[in-house]
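J.: One structure follows; several queries about it will come next.
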Amino acid sequence: MTVIKVALLGFGTVGEGLYESINSHQQQLQALLGAEVHIAGVLIQDSEKQRRLAEDVLVTTNFNDILNIPDLQVVFEAIVGEDPSYEYLSKAIERGCDIITANKVMFAKHGEELLRKAREYNVSIGYEATVAGGVPVIRTIAQLLQVNRVEKIQAILNGTSNFILTEMRKNELPFETVLKSAQDLGYAEADPSNDVEGFDAFYKLMILSNLLFGKQPDWHEVKVEGISEISNHQIQSAHQKNERYKHIAEIKKDGDQIIASVGPALTNEDHPLYNIEGVDNAIVIKASLAGTIAIQGPGAGSYPTASAMIEDFAHIFQNKKAAYALT
Ligand SMILES: NC(=O)C1=CN([C@@H]2O[C@H](COP(=O)(O)OP(=O)(O)OC[C@H]3O[C@@H](n4cnc5c(N)ncnc54)[C@H](OP(=O)(O)O)[C@@H]3O)[C@@H](O)[C@H]2O)C=CC1
Ligand SMILES: N[C@@H](CC=O)C(=O)O
């Protein structure tokens, strides 16, 4: 059987989930693609950590070892921050690999350049996992709304913040206790400041902005606020009035101007995001023909994020299969 050789950059919450998911869904992948998916290499940072990996997987701290894997076709990236991720993915594209990333900090800034480079080298990029974890928002917008004009998006884009606000309200737990649970569950980043100060949702919104409008607003003009200043007292007072704090990211186009904001808001039962609870994310899309569409699902965590990356992978290879069939 044909083999598709892939490598993983990062073996943390997402990377390990992806490794397990590719192995546990090998049969489905083979049936779909007519090929075996072989994880040939894994890039990590700390060579002292114990890893649950098959013996034939090359485990390395040197990215060049990954690039030198013969016949490597796909690089999955789940490391943290802008650098060296951007550099690694640029090199992988130059090497002719398709890339699939979960790294929204990097993609918000360098996504357009990578997409341009990918077109130049005739490879594909999957970035579904950069926005809203397991919720297929990128593909919904890119493929299901090709003729509609998206007029506005209102969304919950950070699983950690929604989880914290939900637990603080329902179980009256302190912020720090719930944040610790969010980290233990793999929702919050190792450095959770982007999660609780609103920047994680901001990066995701900027990725959506590129997709929707082909550009981003000036980052300095977007008001970004997190949830770290909301007290238990405020949450409980609102609760008594049947109101809930939600961390909401909004974007719309007004003429040529893109207007975006990220921050907490009090919602009541009539608000479309009022019932989005726990780690779930939701995206409410106002489209010119379809009207209002909402999608909801797990916005963070190992398997939901791995799911988004595997679906990207399947999509890329199904497109290749279709292209071969036509030639
Ligand atoms: N957790 C989630 O729910 C989601 C996360 N994401 C994004 O996915 C990415 C990974 O997140 P997550 O798995 O949670 O993070 P973790 O901190 O759990 O894992 C990060 C992994 O990347 C490796 N790593 C970090 N820096 C480098 C480097 N410079 N070179 C090589 N390896 C490196 C680490 O190596 P080592 O193991 O040696 O320390 C670790 O294996 C991030 O960009 C995150 O924003 C996206 C959607 C959801
Ligand atoms: N830390 C992020 C993970 C997914 O992007 C979140 O909580 O949403």
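According to full-length UniProt numbering, the residues represented by the sequence shown are 1 to 327, in order.
The C-beta atom is built at its ideal place from N, Cα and C for all residues, glycine as well.
Quick caveat, the model's predicted, so the values are computed rather than measured.
Taking the beta strand (DSSP E) that LYS180 belongs to, which residues open and close that run?
T.: Within the sequence shown, the letter at position 180 stands for residue 180. No beta strand (DSSP E) contains LYS180, which is instead part of the alpha helix (DSSP H) from 175–184.
J.: For ILE293, report the span of its beta strand (DSSP E) as first-last.
T.: For the purposes of this step, residue 293 is taken as residue 293 along the sequence shown, with counting starting at 1. Looking at the DSSP string, the run of the beta strand (DSSP E) that includes ILE293 is 291–298.
J.: Kindly indicate which three-state DSSP category ASN64 falls into: helix, strand or coil?
T.: For this step, residue 64 is matched to residue 64 along the sequence shown. Of the three classes helix, strand and coil, the one that applies to ASN64 here is helix, per DSSP.
J.: Kindly indicate the opening and closing residues of the beta strand (DSSP E) around ARG51.
T.: Counting from one through the sequence shown, the residue named residue 51 turns up at place 51. Premise fails: ARG51 is in no beta strand (DSSP E) and is neither H nor E.
J.: Any idea if LEU43 is buried or exposed, counting beta-carbon neighbours within 10 angstroms, 16 or more meaning buried?
T.: Taking the sequence shown and counting its residues from 1, the one referred to as residue 43 is at position 43. Buried, by the Cβ-count rule.
J.: According to DSSP, what are the bridge partners of SER261?
T.: In the sequence shown, residue 261 corresponds to position 261, counting from 1. Beta-bridge pairing links SER261 to LYS223, GLU250.
J.: Given 8 Å as the limit, is there contact between the segment 114–124 and the segment 90–102, that is, 3 or more CB pairs closer than that?
T.: Touching, yes.
J.: To which residues does DSSP link residue 358 through a beta bridge?
T.: Outside the shown range of the chain (1 to 327) lies residue 358, about which nothing can therefore be said.
J.: Assign VAL3 to one of three DSSP states: helix, strand, or coil.
T.: Here residue 3 corresponds to residue number 3 of the sequence shown, with the count starting at 1. Note: VAL3 maps to strand in three-state DSSP.
J.: Starting from the Cα of GLU176, find the closest Cα among SER228, GLN146, ILE69 and give me that residue.
T.: Working through the sequence shown from its first residue, we reach residue 176 at position 176. Closest by alpha carbon: SER228.
J.: Would the segment 235–242 count as touching the segment 191–206 if we require 3 or more Cβ pairs under 8 Å?
T.: Contact between the segment 235–242 and the segment 191–206 is absent, because fewer than three Cβ pairs lie under 8 Å.
J.: Could you give the DSSP three-state label for ALA35: helix, strand or coil?
T.: Looking up residue 35 in the sequence shown gives position 35. Strand.
J.: Is it the case that the CB of ASP46 approaches a heavy atom of ligand 1 more closely than 7 Å?
T.: In the sequence shown, residue 46 corresponds to position 46, counting from 1. Checking the Cβ of ASP46 against ligand 1 gives yes.
J.: Quick check: does the Cβ of LYS286 come within less than 7 Å of any heavy atom belonging to ligand 1?
T.: For this step, residue 286 is matched to residue 286 along the sequence shown. Flag unset: Cβ of LYS286 not near ligand 1.
J.: Flag ALA92 as yes when its Cβ comes closer than 7 Å to any non-hydrogen atom of ligand 1, and as no otherwise.
T.: Here residue 92 refers to the residue found at position 92 of the sequence shown. Every heavy atom of ligand 1 is 7 Å or more from the Cβ of ALA92, so no.
J.: Kindly give me the distance between the Cβ atoms of GLY17 and ALA306, rounded to whole angstroms, as I take these residues to be in contact under 8 Å.
T.: As a position in the sequence shown, residue 17 is number 17, starting the count at 1. As a position in the sequence shown, residue 306 is number 306, starting the count at 1. Indeed, because the Cβ distance is near 4 Å, the residues count as touching under 8 Å.
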